[in-house]
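Per UniProt numbering, the sequence shown starts with residue 1, numbered consecutively. Every residue, glycine too, gets a C-beta built ideally from N, C-alpha and C. Before any comments, here is the structure.
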Amino acid sequence: MKFGKVMEHMEHEVKVEGSYERSWKIMEYEMEEVEEKYQNLISLEMENLTNEALEAPGYFKNFLALNCIDLSSPDIHNSVSLLKQACLDSGFFYVINHGISQEFMDEVFNQSKSFFDLPVSEKMKVLRNKKHRGYTPLFNELLDPVNQIHGDYKEGYYIGIEVPENDPDIEKLLYGPNVWPPSDILPGWRETMEKYHREALEVAKAISRIIALALNLEVDFFDRQEMLGKPIANLRRVSDPMKGIYGAGAHSDFGLITLLATDDVFGLQICKDKDAKPQKWEFVAPLKGAFIVNLGDMLERWSNYIFSVGIIILWYLGICVFTCLILSWSTLHRVVGNGQERYSIAYFVKPNHDCLVECLPTCQSQENPPK
1 MKFGKVMEHM EHEVKVEGSY ERSWKIMEYE MEEVEEKYQN LISLEMENLT NEALEAPGYF
61 KNFLALNCID LSSPDIHNSV SLLKQACLDS GFFYVINHGI SQEFMDEVFN QSKSFFDLPV
121 SEKMKVLRNK KHRGYTPLFN ELLDPVNQIH GDYKEGYYIG IEVPENDPDI EKLLYGPNVW
181 PPSDILPGWR ETMEKYHREA LEVAKAISRI IALALNLEVD FFDRQEMLGK PIANLRRVSD
241 PMKGIYGAGA HSDFGLITLL ATDDVFGLQI CKDKDAKPQK WEFVAPLKGA FIVNLGDMLE
301 RWSNYIFSVG IIILWYLGIC VFTCLILSWS TLHRVVGNGQ ERYSIAYFVK PNHDCLVECL
361 PTCQSQENPP K
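Printed below as a string of structure tokens:
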């Protein structure tokens with residue numbers, strides 16, 4: 001199946017959830033009304049939560065150990081081995097020494113905070129458009145409608161590669177112009193985010209080359225124009241978080257890989273076996289200067305389900321990625337609240353719209369035919 005067809009299906013799911021419609025309706029609220037609605041929904045959510053997770057031994061203490069891949073290491077064979085182990089285990093790993101300085105990462109997070117600290121009236125002026133670029137208000141995204149009674153407790157801001165209105169790619173889902181806050185309100189904000197987008201793409205390409213080697217492919221298999229699409233970055237903030245409230249419901253990412261940069265506040269959880277009863281959720285600790293990388297649905301399909309995609313839960317009042325209910329077999333993740341404000345930046349790397357996503361020749365045999 002071509003990736004563009006998957007995206008069209010995803011667009012249908014998003015429209016069913018009514019995310020665009022909700023965006024415009026939220027504009028009708030004054031700040032006081034939004035805050036009142038927010039607090040009422042928190043109370044409802046707490047009443048509907050079971051005590052099983054909150055009372056479990058080691059809650060907020062049990063962290064999962066992940067492999068750590070050093071992108072500056074000359075030992076590529078070791079990097080490939082570490083990635084294989086991670087992908088066969090949970091589909092998550094750390095990446096360090098990736099080439100983006102800590103000083104610049106601090107600047108990106110400071111600029112992100114500056115935007116989210118603006119009055120609601122200012123943020124609504126750059127509301128997310130039909131191409132999914134711009135500001136996403138509280139409650140606007142819903143990742144796990146089965147277990148959530150309202151949208152995620154997070155704000156977000158989507159930024160992609162700039163696609164002008166006269167570009168032929170403008171007709172493709174999620175390809176279009178960005179929406180930027182005025183430079184007189186946030187000077188240097190656009191330049192910082194555009195630079196981050198460019199540098200994160202180079203990190204993603206470096207990781208894709210290791211993945212290619214792990215799958216016995218040519219090193220540049222994924223790092224080609226016809227393979228990689230136009231990534232999207234999502235700045236996120238979870239505000240006024242409470243223990244036990246979902247910032248992002250259980251979901252998987254639909255693309256190739258996701259790079260997650262976080263502050264030092266934990267909240268990310270993964271579930272290595274979504275079919276287990278009960279499910280076991282484990283925290284992933286923030287690692288300063290590192291990206292947390294997880295595999296997406298398309299890579300699982302390419303690898304004939306050898307490489308799995310875990311479930312992550314962002315339990316935080318307001319962190320959520322994308323409403324995507326298409327490919328339920330990949331790894332789940334979520335975010336949960338722990339009583340602190342939390343900032344993160346997710347960088348979604350996905351295939352080109354015209355890319356054919358099917359089982360790779362190196363991942364199939366007579367004993368293991370394409371699934």
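Test item: CB-CB of residue i and residue j under 8 Å
| i | j | result |
| --- | --- | --- |
| GLY249 | ASN166 | no |
| CYS87 | LEU295 | yes |
| SER223 | SER208 | Looking at the sequence shown, residue 223 is not Ser but Asp. Their beta carbons are under 8 Å apart, which means ASP223 touches SER208 by this criterion. |
| MET298 | VAL336 | no |
| GLU141 | PHE116 | no |
| GLU226 | CYS355 | yes |
| LEU64 | VAL284 | yes |
| PRO164 | PRO177 | yes |
| ALA261 | MET105 | yes |
Own chain, CB closer than 7 Å to residue i, minus 5 neighbours either side, in chain order
| i | result |
| --- | --- |
| THR362 | LEU215, ASN216, LEU217 |
| LYS205 | ASP223 |
| GLU162 | PRO177, ASN178 |
| GLN85 | ASN67 |
| LYS25 | Only weak support is given to the placement of LYS25: the predicted model assigns it a pLDDT of 41, under 50, and the value that follows is read from those uncertain coordinates. Cβ neighbours of LYS25 beyond the five flanking positions: none. |
Among the options, nearest to residue i - alpha-carbon criterion
| i | options | result |
| --- | --- | --- |
| TYR158 | GLU367, SER73, PRO351, SER344 | SER344 |
| GLY339 | PHE139, TYR153, LEU299, PRO119 | TYR153 |
| LEU259 | GLY156, MET124, PRO369, PHE348 | PHE348 |
| ALA346 | ASN140, SER121, LYS131, GLY160 | GLY160 |
| LEU235 | PHE221, LYS131, GLN111 | GLN111 |
| HIS353 | TRP281, GLY229, SER239 | GLY229 |
| ARG334 | LYS371, VAL238, LEU83, LYS84 | VAL238 |
| MET124 | TRP180, LEU83, ARG198, ALA200 | TRP180 |
| ARG301 | GLU162, ALA261, ILE257, ILE270 | ILE257 |
| LEU332 | THR192, ALA261, LEU143 | LEU143 |
| PHE221 | LEU83, LEU82, PRO351 | PRO351 |
| GLN118 | PHE104, GLY247, GLU199, LEU186 | Looking at the sequence shown, residue 118 is not Gln but Leu. Checked all of PHE104, GLY247, GLU199, LEU186; the closest Cα to LEU118 is LEU186. |
| MET193 | VAL120, LYS84, LYS113 | LYS113 |
| LYS130 | ILE149, LEU83, ILE170 | ILE170 |
| PRO145 | ARG198, HIS251, ARG190 | HIS251 |
Endpoints, beta strand (DSSP E) assigned at residue i
| i | result |
| --- | --- |
| ARG236 | 232-238 |
| ASN294 | 291-295 |
| LEU213 | Taken as a continuous stretch (DSSP letters only), LEU213 belongs to no beta strand (DSSP E), being part of the alpha helix (DSSP H) at 189-214. |
| GLU155 | 155-160 |
| SER344 | 342-349 |
| CYS68 | 68-70 |
| TYR175 | Where TYR175 is concerned, there is no enclosing beta strand (DSSP E), given that its DSSP letter is neither H nor E. |
| GLN269 | 268-271 |
| GLY247 | 246-251 |
| ALA261 | 257-262 |
| ILE96 | 92-96 |
| LEU332 | 332-336 |
| THR136 | 134-136 |
Cβ neighbour criterion (16 or more within 10 Å) applied to residue i
| i | result |
| --- | --- |
| THR50 | Per-residue confidence for THR50 stands at a pLDDT of 41, beneath the threshold of 50, marking its modelled position as unreliable; no derived number is given. |
| ASP253 | buried |
| GLY91 | buried |
| PRO369 | exposed |
| GLY188 | exposed |
| ILE232 | buried |
| ILE211 | buried |
| ALA276 | exposed |
| PHE139 | buried |
| SER121 | exposed |
Extent of the continuous alpha helix (DSSP H) run through residue i
| i | result |
| --- | --- |
| LEU83 | 76-89 |
| GLN111 | 102-116 |
| VAL120 | 120-123 |
Same chain, Cβ closer than 6 Å to residue i, five either side skipped, listed in chain order
| i | result |
| --- | --- |
| GLN39 | The predicted position of GLN39 is uncertain, since its pLDDT is 46 and thus under 50; a value taken from the coordinates is nonetheless stated next. Taken in chain order, the list of residues that qualify is empty. |
| ASP264 | PRO286 |
| GLN102 | GLY289 |
| TYR196 | VAL108 |
| THR136 | ARG128, GLY156 |
| LYS172 | HIS353 |
| HIS132 | TYR158, LEU174 |
| GLU367 | none |
| CYS271 | GLN279, TRP281, ILE311, LEU332 |
Neighbourhood of residue i by C-beta distance below 8 Å, restricted to the same chain and skipping five residues each side
| i | result |
| --- | --- |
| TYR94 | LEU66, ASN67, CYS68, ILE69, LEU287, ALA290, PHE291, ILE292, VAL293 |
| GLU202 | GLY99 |
| LEU213 | ILE76, VAL80, VAL219 |
| SER73 | SER79, ASN97 |
| GLY134 | VAL126, LEU127, ARG128, TYR157, TYR158, ASN178, VAL179 |
Short CB-CB distance (under 8 Å) between residue i and chain D
| i | result |
| --- | --- |
| ASP167 | In the structure shown, chain D does not exist; there is a single protein chain. |
Any non-hydrogen atom of the ligand NAP within 7 Å of residue i CB
| i | result |
| --- | --- |
| ALA206 | Of the ligands one can find in the structure shown there are none, so the ligand NAP has no counterpart to examine. |
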